[in-house]
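Below is one structure, written out as structure tokens; comments come after it.
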Amino acid sequence: MNDTIKVAVIYGSVREGRFCDTVGQWVVDQIQPRKAFATVVIDPVAEPVSAFGKRLDEADAFVVVTPEYNHSYPAALKALIDGYKAQWQAKPVAFVSYGGASGGLRAVEHLRHVFAELHAVGIRDGVMFPNSWEQFDEHGQPLQAQRFERGMQTMLARLAWWAETLRQGRAERDYTQAVMLD
């Protein structure tokens with residue numbers, strides 16, 4: 024088995040002029056140098072939702088980059104999530120959020136419930152950018168880089184642990200066949 028963790032970075036916004044490109048690219052830039060991970064970007068602006076099944080299925084883990092719109096997450100992200108089922112099961116999901124004063128935390132709290140219903144494992148540790156438009160310079164880099172990189176390091180360490188553990192579990196026993204054993 025290949026030890027590299029395939030992580031799908033999911034862009035949660037489709038708005039024109041979206042800030043998701045800045046935050047999402049920062050996330051990808053943080054993951055790519057780490058040898059434990061191989062990244063793929065899932066961007067509903069680039070392709071229709073129906074195009075992502077194979078990449079989601081092959082992923083060992085997910086990082087959802089989401090803004091907070093009206094105290095929740097975007098409808099386009101919900102459509103992407105709801106377009107699949109088995110692809111999420113028994114896999115970890117981490118969150119990087121951004122927005123106003125709350126930094127997208129309300130969106131993440133709603134997403135945790137959605138992913139739990141799909142039998143995915145939400146990672147407690149995440150990264151959030153409050154007042155995100157004030158957090159990045161003109162080159163797309165956080166002004167408080169060390170702060171956010173520390174958070175990302177913790178999140179990725181936990182994501183790796185869960186991804187490896189759940190991948191091993193899925194290899195040993197089909198999750199869809201999980202039943203009580205006497």
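If you count by my numbering, then the sequence shown holds residues 24 to 205, one letter each, in order.
The C-beta atom is built at its ideal place from N, Cα and C for all residues, glycine as well.
As the structure is a prediction and not an experimental result, all values here were calculated from the model.
Residue of the options minimising C-alpha distance to residue i
i    : options                : result
W111 : P90, Y121, R170, A139  : A139
G163 : E39, T27, D26, D44     : D44
R207 : F159, L141, S120, R181 : Outside the shown range of the chain (24 to 205) lies residue 207, about which nothing can therefore be said.
Q200 : I54, A113, M175        : A113
Euclidean distance between Cα positions of residue i and residue j
i    : j    : result
V46  : A194 : 33 Å
F85  : A31  : 5 Å
R41  : E187 : 33 Å
D52  : W184 : 20 Å
V137 : G122 : 20 Å
E172 : F118 : 14 Å
H94  : V63  : 28 Å
V72  : S36  : 13 Å
D80  : E70  : 16 Å
A74  : A143 : 21 Å
N154 : V131 : 16 Å
A61  : D26  : 10 Å
F104 : R78  : The sequence shown places Ile at residue 104, not Phe. Answer to the nearest angstrom: the Cα atoms are 13 Å apart.
Buried versus exposed, by CB contacts within 10 Å (16 or more), residue i
i    : result
P90  : buried
G76  : exposed
D83  : buried
A102 : exposed
Q158 : buried
Supposed close pair residue i, residue j - CB separation, criterion 8 Å
i    : j    : result
V50  : V88  : 6 Å
Y107 : D66  : Not confirmed; about 15 Å, so no contact.
G145 : R135 : 5 Å
Notebook entry, point to check: Per the contact definition of three or more C-beta pairs closer than 8 Å, is the region 95-103 in contact with the region 163-174?
Noted result: no
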